[in-house]
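Below is one structure; the comments refer to it alone.
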Amino acid sequence: MGAIGHPCDKCGEDNWTSVAEPFERAKCVCGYLPVATMPGPQADFVASRAAHPAFLGGRGSAKTVAGLLKMWTYVNQHPGANGAISFPVYDNIETIFLPEMRKFFGDVEGSEWIYKDKKRQLVFPQLGSRAFLLSAEEPERGRGLNLSWFWMEEVGIGGGHKILFFNLQPALRQFGSDYDFYQGWITSTPNVERPWLKQIWDEGVHPIGGEEIEDRHEYPIFPARTIDNPCLPQKEIRRLLREWGDSRMAQQELEGKFISIEGIVFPELREDIHLRTPPPDHEFIATVGGLDFGDASPTALLELKMDRSRKIWITREFYKRNATDDDWIKVAAE
Numbered sequence: 001m002g003a004i005g006h007p008c009d010k011c012g013e014d015n016w017t018s019v020a021e022p023f024e025r026a027k028c029v030c031g032y033l034p035v036a037t038m039p040g041p042q043a044d045f046v047a048s049r050a051a052h053p054a055f056l057g058g059r060g061s062a063k064t065v066a067g068l069l070k071m072w073t074y075v076n077q078h079p080g081a082n083g084a085i086s087f088p089v090y091d092n093i094e095t096i097f098l099p100e101m102r103k104f105f106g107d108v109e110g111s112e113w114i115y116k117d118k119k120r121q122l123v124f125p126q127l128g129s130r131a132f133l134l135s136a137e138e139p140e141r142g143r144g145l146n147l148s149w150f151w152m153e154e155v156g157i158g159g160g161h162k163i164l165f166f167n168l169q170p171a172l173r174q175f176g177s178d179y180d181f182y183q184g185w186i187t188s189t190p191n192v193e194r195p196w197l198k199q200i201w202d203e204g205v206h207p208i209g210g211e212e213i214e215d216r217h218e219y220p221i222f223p224a225r226t227i228d229n230p231c232l233p234q235k236e237i238r239r240l241l242r243e244w245g246d247s248r249m250a251q252q253e254l255e256g257k258f259i260s261i262e263g264i265v266f267p268e269l270r271e272d273i274h275l276r277t278p279p280p281d282h283e284f285i286a287t288v289g290g291l292d293f294g295d296a297s298p299t300a301l302l303e304l305k306m307d308r309s310r311k312i313w314i315t316r317e318f319y320k321r322n323a324t325d326d327d328w329i330k331v332a333a334e
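Be aware that the sequence shown starts at 1, since it is given in full-length UniProt numbering, and climbs by one per residue.
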């Protein structure tokens, strides 16, 4: 790589090799590498060359840092490559992103990177690259861009991320068809109320067409738990683990796991209590049917019965993606 216009903080020379493990910045010939990733999921995520890797972790599992280091890696490896970084709201730029950016790369602000507030851009003058800063509240801003990469931060918070993701995918076209390094990654805590994340990265089903994703290796998950971040106050984290136990909240917010859709409407739902088979002679006094139409989302048809004690039983269920009228009419007739 040679000179990049910034002397090494260790030896004072401006002589750099190509980016090397752990991929944060160009490495000086003297061996100086300013930033190191945490071994494990974070390092593997930063090094991933998959089309759409996802760093999904619990609260405080260094998700933002993982995305930040991957961004820095990419722009240094691919001079001239433009990208986009999205946040749930624009305020996150000032409250979350810039503090982390300055924490890791504040010593080179003004020389290797510049934040342009009015244009909402991050410029890398030595590399001839820039990143457009977007908000999921305005997903249509993802249209019309010519990018080589994008990073979507905290896609489990707020709305608009799904539309923005599908607007940014076709924007990966800056260098034409001969460029082999297009990449768009996400960092987030999973959110059961955002099922498109689970569909793509966990189930391997495309949320638009409902078809199975053939190249699932291009959508890898790098999971991380809150407790695994040594920079957090371990005493407080262990207390949360004890108090939250094996609850659904703990699984999602601390373990960074996708939890099942069951329990969103009825969080008190428990399998050992509520999933039961009525006795053969159990008497029901009323029967009703419920139908929820779906387009790409699943269509659901339920049969509900009330017994003499006024308890409601779901006795039959039909659930299918891309269901036709013939599908549910046949089931209803039975």
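By construction, the Cβ of each residue, glycine as well, lies at the ideal position given by its N, Cα and C atoms.
Would you report the Cα separation of residue i and residue j, rounded to the nearest angstrom?
i, j, result
"Thr95", "Met101", "11 angstroms"
"Asp14", "Phe104", "20 angstroms"
"Gly83", "Ala250", "34 angstroms"
"Pro79", "Lys70", "14 angstroms"
"Gly245", "Val108", "43 angstroms"
"Ser111", "Gln126", "7 angstroms"
"Lys305", "Asp327", "22 angstroms"
"Ala286", "Thr324", "28 angstroms"
"Ile273", "Ile259", "19 angstroms"
"Ala199", "Lys320", "The residue asked about is misnamed: residue 199 is Gln in this sequence, not Ala. For Gln199 and Lys320, the distance between alpha carbons rounds to 14 angstroms."
"Ala332", "Phe293", "13 angstroms"
"Asp91", "Thr64", "15 angstroms"
"Tyr179", "Val29", "28 angstroms"
"Ile329", "Val192", "30 angstroms"
"Val46", "Trp72", "10 angstroms"
"Leu232", "Asp202", "27 angstroms"
"Gln252", "Leu240", "13 angstroms"
"Tyr74", "Ile237", "32 angstroms"
"Lys119", "Arg242", "46 angstroms"
"Thr315", "Arg276", "10 angstroms"
"Gly106", "Phe124", "13 angstroms"
"Asp44", "Glu212", "26 angstroms"
"Met38", "Arg216", "26 angstroms"
"Asp117", "Lys311", "59 angstroms"
"Phe166", "Pro99", "28 angstroms"
"Leu172", "Ser247", "39 angstroms"
Which whole-angstrom value is the C-beta distance of residue i and residue j, which I expect to be below 8 angstroms?
i, j, result
"Gly128", "Phe150", "About 18 angstroms; that fails the 8 angstroms criterion."
"Glu218", "Ala51", "4 angstroms"
"Ile221", "Leu56", "6 angstroms"
"Gly210", "Asn76", "With 8 angstroms as the limit, Gly210 and Asn76 do not qualify as a contact, their Cβ atoms being about 39 angstroms apart."
"Trp313", "Pro278", "6 angstroms"
Identify which residue in the options has its Cα closest to the Cα of residue i.
i, options, result
"Ser61", "Gln77, Ser188, Ser148, Gly176", "Ser188"
"Gln234", "Leu254, Pro223, Ser247", "Leu254"
"Gly159", "Tyr115, Glu140, Leu68", "Glu140"
"Leu302", "Thr277, Arg49, Glu317", "Glu317"
"Val89", "Phe124, Glu138, Pro99, Gly58", "Glu138"
"Pro195", "Met38, Ser86, Leu172, Lys257", "Lys257"
"His161", "Leu197, Gly176, Phe175, Asp202", "Leu197"
"Gly40", "Asn229, Ala171, Lys118", "Asn229"
"Pro298", "Arg310, Ala171, Lys116, Val205", "Val205"
Could you give the DSSP three-state label for residue i: helix, strand or coil?
i, result
"Pro280", "coil"
"Gly289", "strand"
"Ala20", "Summary for Ala20: the model assigns pLDDT 44, below 50, so the residue's position carries little reliability, and this model does not support an answer."
"Ile227", "helix"
"Ile93", "helix"
"Gly106", "helix"
"Tyr115", "strand"
"Arg216", "helix"
"Thr37", "coil"
"Gln126", "coil"
"Tyr74", "helix"
"Arg310", "coil"
"Tyr32", "The pLDDT assigned to Tyr32 is 48, lower than 50, so where the model puts this residue is not dependable; a value taken from the coordinates is nonetheless given after this. Coil."
"Ile163", "helix"
"Glu153", "strand"
"Ile237", "helix"
"Phe132", "strand"
Beta-carbon of residue i versus every beta-carbon of chain E: anything under 9 angstroms?
i, result
"Gly176", "In summary, chain E is missing from the structure at hand, where a single protein chain is found."
Going by the C-beta, is residue i closer than 8 angstroms to any heavy atom of the ligand FAD?
i, result
"Thr37", "Questions concerning the ligand FAD fall outside what the structure shown contains, since it holds no ligand whatsoever."
Can the beta-carbon of residue i be found less than 9 angstroms from the beta-carbon of residue j?
i, j, result
"Ala300", "Gly290", "yes"
"Pro207", "Gly156", "no"
"Gln121", "Ala131", "yes"
"Ala81", "Phe181", "yes"
"Glu283", "Asp307", "yes"
"Phe153", "Ile114", "According to the sequence displayed, residue 153 carries Glu and not Phe. No, Cβ-Cβ distance for Glu153 and Ile114 is not below 9 angstroms."
"Ala224", "Gly58", "yes"
"Leu147", "Phe97", "no"
"Gly144", "Leu164", "no"
"Ser48", "Leu168", "no"
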